[in-house]
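Engineer: Sharing a structure with you now.
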Amino acid sequence: MALFLIIESTMVHLVLPLISVIPAIALTESSDNGSAMSIFENFIDMSFYGFLT
């Protein structure tokens, strides 16, 4: 059961950033002003912080 919870939490940390990154990629495709890339990096940072805490 504990192993399942570890896998579950890991999957959440892997899936949520992907869901968050999709709009950032869409923004990058639609505009080249560079703000979307900072959003993309912020989501990566948040996913790493969430994984560490």
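In case it helps, the numbering used here puts the sequence shown at residues 2 to 54. Cβ atoms here follow ideal geometry from the backbone N, Cα and C, with glycine treated the same way. Bear in mind the structure is a predicted one, so any value in this text is a computation, not a measurement.
(1) What does a CB cutoff of less than 7 Å around PHE62 pick up in its chain, not counting 5 residues either side in sequence?
(2) Going straight from the alpha carbon of PHE5 to that of GLU42, what length do you get?
(3) Helix, strand or coil: which one does DSSP assign to MET12?
Structural biologist: Looking at the atomic coordinates:
(1) Here the chain comprises residues numbered 2 to 54, so residue 62 is not present and cannot be evaluated.
(2) 29 Å
(3) helix
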